[in-house]
Amino acid sequence: MPSREGPPLPGRSSPVSKKQRVSSTDDSIFPYPVLPADCVTNDQDGYLPVGSLHELRHLIPVPTTDSVEWGDKAAAAKRASIEPKVTDTNQRLLRTHHPSLSQLDSVYLVEESEHKWIWVVSPGFDETRSIGAYAGGLEIHLKPTGLMERTTTMWPKYQSDPIPAILNPRKFLSRHHLHLLREMFPTSLGARVFISGFIVILFKSRADMENSWLQDGPASTFGTLRLRYDILEDTPTRTMVSKGAAIAARPDCVEAYAALGLKIRFPGGQEAITVPTHAFITLRYIRSAPLLRIADWYGHIKMKLARYSPIKSGLSMRAIGSARRHPMGNSPLGQQVFLAGNSKQIGTISFTYDPISARPLRFPTGFVHDLSLITNSQELPEVTSPDRTPCVVGWGSYTDLLDGKPVFVTGLNIPTGNTIVRSGSGISREAQAALTEGSQYLWDREVLSQNVSILWRTENDEDPLGGLSGSALCLGQLQDKTCLAVCFQNFESPLYSRELLKDDHRGAPQYADRVRIKGGFLLPPEVRATQILCNPSETPTASGTYPSRSNPTAGLRRSYSSTR
């Protein structure tokens, strides 16, 4: 295990002043995570000969049909839900009757590679219905929408595609690709890559976006992936930390908490429990609009009043940590962590993988991994899988995750006998099935930091509920006996920003009513090299294990071939 004094992050322990800034044109300045070569996109894999046209993925619209071949509406919906394969003859029937496709305005079929197809859907701005992960054995992926140039503006420049290759959105962008994006859009904050074949360039404000277009010009593609533009709205899945906060009575009135992650053992024998850093420090946000501040104040007052509600005992509890003591400064180190709704001390945060700053840390661009470790000089409590969920037995592959293997999100339990049921932030009951949607890359030019995240969405989005940051994203299915962890949930973001909704001349809906994606930062290599200590749930699951058994869902993802 690393030393307790801080993570080995040279040159990023304190902010760099404006006078000390180094030119950010060198791509080696921004840190890039250690990743296996097979999960990083390579220009040579999709190289296009000189002079050839950059071919975009074809979005093939699938219209609805009036056919009654599958019976009445109810019978057709049941048939569509169990149809194992998409064909030329049933694609319109599936689009019309499948619960995840029938109510959407825009549905497409896209050929990712030879004989491999996916559904691509464009949810409405006011879409509130849940969208499943599969239809007819094919994955359902989101099509993002971005801000457009104003009709009265003519931009003096236009940027051509700098990548003579077809980039694979199921792999991470390379260090060089990120450097090119920063060069093309100097005022940008980051980018999201969607498996559906889109890259969304993220900015702090519309003014920054238009300034980038004015100085350097917009672009329509990058590595033949379609470009879109939007405003960053990532928010941590937690409530604001209150200094000296006591342990609250219920999850919805806890002032400072986070879902505890996994218990791990380092090669040297030291044990720790993971927790998100952002839950134990003061943050500053990319955007701080007055309406957002009012919403924060309202939520804070609501939680203050709710803490007087009595504790209910004898229920099943998700392990939620709360800081009982807040040291001087803005560091998570040294903070004691207790169970919410229980006075049991878990331990003390003794190590963090994120920068330590006297000022509030900017979220999410100022973080590297959003990960800290809880240790205890005595003994850490046991961590257990929730009832009827797989036991986490190891670390999963990023390649398997991005390739579309089944995944789910789950919290972990600590046996106490006095527990509380929780749901929200995309987690309901014991766990929630999910689907990987792509990757995210954020950078901060002031402190020359950069982070990489995985994006996913859950099949059933509950109302947002802070405090579930730290829950694990796992490879496997809910009926498996074992599974593999990949990362932890750190933030969530609406698919459409408030600025985009304003551009569409409509008011922003309630946050809970917007289609959302979840995200988790990539983990340090030394953490992924640890042994996971997780006890199986008391209620047994099925006999299957991941990844040694053949997953039924993978079998349903049969390729769709077309004679077009």
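Under the numbering used here, the first residue of the sequence shown carries the number -1, and numbering increases by one thereafter. Positions of the beta carbon are idealized from the N, C-alpha and C atoms, including for glycine. Remember, it's a predicted structure, so these values are computed and weren't measured experimentally.
Suppose you measure from the CA of residue 531 to the CA of residue 487; what does that come to, to the nearest Å?
Position 533 of the sequence shown, counting from 1, holds the residue named residue 531. Position 489 of the sequence shown, counting from 1, holds the residue named residue 487. When rounded, the distance between both Cα atoms is 19 Å.
Using a Cβ-Cβ cut-off of 7 Å (strictly less than) and excluding sequence neighbours within five positions of residue 435, which residues of its own chain qualify?
Residue numbering aside, residue 435 sits at position 437 when the sequence shown is read from its first letter. 139, 140, 192, 193, 453, 454, 455, 515, listed in sequence order.
To the nearest whole angstrom, what separates the beta carbons of residue 186 and residue 210, a pair I think is in contact under 8 Å?
Locating residue 186 in the sequence shown gives position 188, counting from the first residue. Locating residue 210 in the sequence shown gives position 212, counting from the first residue. Correct: roughly 7 Å between the Cβ atoms.
If we require 4 or more residues per run, which alpha helix (DSSP H) segments fall completely within the region 134 to 194?
Every alpha helix (DSSP H) stretch that sits fully inside the region 134 to 194 and reaches 4 residues is listed by chain position as 173 to 182.
Please list, in chain order, all residues of the same chain as residue 68 whose beta carbon is under 8 Å from its beta carbon, the five residues on each side excluded.
Position 70 of the sequence shown, counted from the first residue, corresponds to residue 68. Correct list, in chain order: 74, 77, 78, 91, 95.
For residue 87, does the three-state DSSP call read helix, strand or coil?
Here the question's residue 87 lines up with position 89 in the sequence shown. The answer is coil: DSSP assigns residue 87 none of H, G, I, E or B.
Helix, strand or coil at residue 100 [DSSP, three-state]
Here residue 100 refers to the residue found at position 102 when the sequence shown is read from its first residue. Coil at residue 100, not helix or strand.
Between 232, 183, 207, 442, which lies nearest to residue 494 when the distance is taken from Cα to Cα?
Sequence index remark: in the sequence shown, residue 494 carries index 496 (1-based). Out of 232, 183, 207, 442, 232 has the C-alpha closest to the C-alpha of residue 494.
Below 8 Å, how does it come out for the region 472 to 491 and the region 381 to 390: are there three or more Cβ pairs, yes or no?
yes
At 4 residues or longer, and completely inside the region 350 to 419: list those alpha helix (DSSP H) runs for me, N to C.
396 to 400
Does the beta-carbon distance from residue 119 to residue 136 come in below 8 Å?
What you label residue 119 is simply residue 121 of the sequence shown in a count that begins at 1. What you label residue 136 is simply residue 138 of the sequence shown in a count that begins at 1. With a cutoff of 8 Å on beta-carbon distance, residue 119 and residue 136 are scored as not near each other.
Distance, residue 399 Cα to residue 519 Cα
Translated into the one-based positions of the sequence shown, residue 519 becomes position 521. Translated into the one-based positions of the sequence shown, residue 399 becomes position 401. The straight-line gap from Cα to Cα measures roughly 14 Å.
Just the Cα atoms here: how many angstroms apart are residue 397 and residue 205?
Within the sequence shown, residue 397 is the residue found at index 399, counting from 1. Within the sequence shown, residue 205 is the residue found at index 207, counting from 1. Using only the alpha carbons, I get a separation of about 37 Å.
Three-state class that DSSP yields for residue 437 in the structure shown:
As a position in the sequence shown, residue 437 is number 439, starting the count at 1. Residue 437 falls in the strand class under three-state DSSP.
Span of the alpha helix (DSSP H) around residue 75:
Residue 75 sits at position 77 when you count from the first residue of the sequence shown. Residues 71 to 80.
Relative to the C-alpha of residue 438, which candidate in 113, 230, 469 has its C-alpha closest?
Along the sequence shown, one-based indexing puts residue 438 at 440. The shortest Cα separation from residue 438 among 113, 230, 469 belongs to 230.
When you compare each of 26, 410, 447, 513 to residue 471 by their alpha carbons, which one comes out closest?
Here residue 471 corresponds to residue number 473 of the sequence shown, with the count starting at 1. Nearest C-alpha to residue 471: 410.
Reduced DSSP category for residue 211 - H, G, I as helix; E, B as strand; rest coil
Position 213 of the sequence shown holds residue 211. Helix, per DSSP.
Own chain partners of residue 100 with C-beta closer than 7 Å, once the 5 adjacent residues on each side are dropped:
The sequence position of residue 100 within the sequence shown is 102, counting from 1. 94, listed in sequence order.
Is it buried or exposed for residue 357, if we count other Cβ within 10 angstroms and need 16 for buried?
Residue numbering aside, residue 357 sits at position 359 when the sequence shown is read from its first letter. With fewer than 16 Cβ atoms within 10 Å of its Cβ, residue 357 is classed as exposed.
CB-CB under 7 Å to residue 167, same chain, minus the five flanking residues each way: which ones, in chain order?
Taking the first residue of the sequence shown as 1, we reach residue 167 at position 169. Counting only Cβ-Cβ distances below 7 Å, and skipping sequence neighbours, we find 191, 192, 193, 195, 223, 436.
Can you tell me the Cβ-Cβ gap for residue 362 and residue 473, rounded? I've got them flagged as a contact below 8 Å.
Counting from 1 along the sequence shown, the entry for residue 362 is found at position 364. Counting from 1 along the sequence shown, the entry for residue 473 is found at position 475. With 8 Å as the limit, residue 362 and residue 473 do not qualify as a contact, their Cβ atoms being about 24 Å apart.
Cβ-Cβ separation, residue 383 to residue 534 (assumed contact under 8 Å), whole Å
As a position in the sequence shown, residue 534 is number 536, starting the count at 1. As a position in the sequence shown, residue 383 is number 385, starting the count at 1. Confirmed, about 6 Å.
How long is the line joining the alpha carbons of residue 378 and residue 268, rounded to whole angstroms?
Residue 378 sits at position 380 when you count from the first residue of the sequence shown. Residue 268 sits at position 270 when you count from the first residue of the sequence shown. Their Cα atoms are separated by approximately 11 Å.
What does a CB cutoff of less than 6 Å around residue 199 pick up in its chain, not counting 5 residues either side in sequence?
As a working mapping, residue 199 is identified with position 201 in the sequence shown. Here residue 199 has 183, 186, 189, 227 as same chain residues with Cβ atoms under 6 Å from its own Cβ, once five neighbours each way along the sequence are excluded.
Residue 328 and residue 355 - do their beta-carbons sit closer together than 8 Å?
Residue 355 sits at position 357 when you count from the first residue of the sequence shown. Residue 328 sits at position 330 when you count from the first residue of the sequence shown. Cβ distance < 8 Å, so residue 355 and residue 328 count as in contact.
Rounded to whole angstroms, what's the CA-CA distance from residue 448 to residue 64? Just pull it up for me.
As a position in the sequence shown, residue 448 is number 450, starting the count at 1. As a position in the sequence shown, residue 64 is number 66, starting the count at 1. So the two alpha carbons sit approximately 51 Å from each other.
Please return the same chain residues whose Cβ sits closer than 7 Å to the Cβ of residue 170, not counting the five positions on each side in sequence.
Here the question's residue 170 lines up with position 172 in the sequence shown. Correct list, in chain order: 33, 37, 38, 39, 437, 450.
Three-way DSSP call (helix, strand, coil) for residue 523 in this model
Within the sequence shown, residue 523 is the residue found at index 525, counting from 1. In the structure shown, residue 523 falls within a helical segment according to DSSP collapsed to helix, strand and coil.
Within the continuous beta strand (DSSP E) that includes residue 336, where are the two ends?
As a first step, residue 336 is located in the sequence shown; it is residue number 338 there, counting from the start. Run containing residue 336: 334 to 337, per the beta strand (DSSP E) assignment.
I need the straight-line Cα distance from residue 513 to residue 57, nearest angstrom please.
As a working mapping, residue 513 is identified with position 515 in the sequence shown. As a working mapping, residue 57 is identified with position 59 in the sequence shown. So the two alpha carbons sit approximately 21 Å from each other.
Where does residue 532 sit, in a helix, a strand or coil, going by DSSP?
One-based indexing of the sequence shown puts residue 532 at position 534. Coil, per DSSP.
Taking residue 270 and residue 262 to be in contact with their CB atoms under 8 Å, please state how far apart those CB atoms are, rounded to whole angstroms.
Locating residue 270 in the sequence shown gives position 272, where the first residue counts as 1. Locating residue 262 in the sequence shown gives position 264, where the first residue counts as 1. Residue 270 to residue 262, Cβ: 6 Å. Contact.
Can you give the beta carbon distance from residue 60 to residue 105, rounded, assuming they're within the 8 Å contact cut?
What you label residue 60 is simply residue 62 of the sequence shown in a count that begins at 1. What you label residue 105 is simply residue 107 of the sequence shown in a count that begins at 1. About 5 Å; that satisfies the 8 Å criterion.
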